[in-house]
Amino acid sequence: MLNPPFKIRYIYYWKDINNYTKLIIILTLSLYISFRGCFSLRKYTYRYPNGIRIPFLSEGSVELLAEVIRENIQEKTVIICIGTDRCIGDALGPMVGTFLQNNSFRLPLYGTLEAPIHAVNLEQSISNIKTIHPNAFIIAIDACIGAEDNIGNIHIKNGPVYPGKGVGKKLPGVGDISIVGIVDKINQEDCYAIHNVRLSLVMKMARVISDAIELAALLS
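Okay, here's the thing in structure tokens:
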């Protein structure tokens, strides 16, 4: 959940605010995020050569994620949310897409609970998207499995996400950068363990990611 003093999903009348006030709000938010990042980033995150990892329940997680995402939003950015609502653990991506869609997100967006992009239609969907948005900079969102002590972490990394890799599927990589949420531990004996993930965990992580993307887009 986005911490005070700002909740992006509560702003319904942004278009009615004059440009000067918008500028003040954006500058204030930028300073707020920068100061939060200075004091919180070292405490709650782990940086590695190819990206960053942030626990979704950590203080200021939305603002910290937004700061990293904002650095990567470009003029031709397209958001692709991967997964299916037929499996709770794999619903993270389309749930993020639906949250963004419900808030009239301004960037091109693909992959929602109503129109998911998943293993069956992935290649055709990506081909269609690239035809519609040539030379797009793609931010891909997906769920993944990992070490048990990493459950609940959100990773932002350079490079694509490989859907289905954790359960042995070979699908093409998607994204110039990727945002992945670890929803369950790796279980070599049960490749379908991701079906047993709690819906509440997935919803909370999806809300944090969608809020962060919205905030990053607003400030970019």
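For the sequence shown, numbering that gives the first Met the number 0 gives the first residue as 0, with consecutive numbering after it. Note that the Cβ used here is the ideal one computed from N, Cα and C, for glycine as well.
With a minimum length of 4 residues, the unbroken runs of alpha helix (DSSP H) contained wholly in the segment 45-73 fall at 60-69.
The beta carbons of G96 and C86 sit no closer together than 9 Å. The beta carbons of V160 and G145 sit about 13 Å from each other, so the pair does not count as a contact at 8 Å. For the 9 Å CB-CB criterion, D175 and G158 form a contact. Inclusion of L200 and V179 in the CB contact set at 9 Å is not warranted, their separation being larger than that value. Apart from the 5 residues on each side of it in sequence, L198 sits with its Cβ closer than 7 Å to the Cβ of I87 in its chain, given in chain order. Taking C-beta separations shorter than 7 Å and ignoring five residues to either side along the sequence, the partners of A211 in its chain run V61, L64, A65, I68, following chain order. Residue pairing from DSSP places L108 in a beta bridge opposite I78. The criterion of a C-beta distance shorter than 9 Å is not satisfied by I125 and I78. Boundaries of the beta strand (DSSP E) around D183: 176-184. Using a Cβ distance threshold of 9 Å, M202 and I153 do not count as a contacting pair. Boundaries of the alpha helix (DSSP H) harbouring K203: 198-218, taken from the DSSP string. Counting only residues of its own chain and dropping the five nearest sequence neighbours on each side, V207 has a CB closer than 6 Å to the CB of F55, S60, V61. Comparing alpha carbon positions, the residue from G92, R105, L91 closest to E74 is R105. Rounded to whole angstroms, L99 and L218 show a C-alpha spacing of 16 Å. Taking 9 Å as the cut-off, the Cβ atoms of G163 and A118 count as close. With a beta-carbon spacing of about 6 Å, Y109 and I128 fall inside the 8 Å limit used to define contacts.
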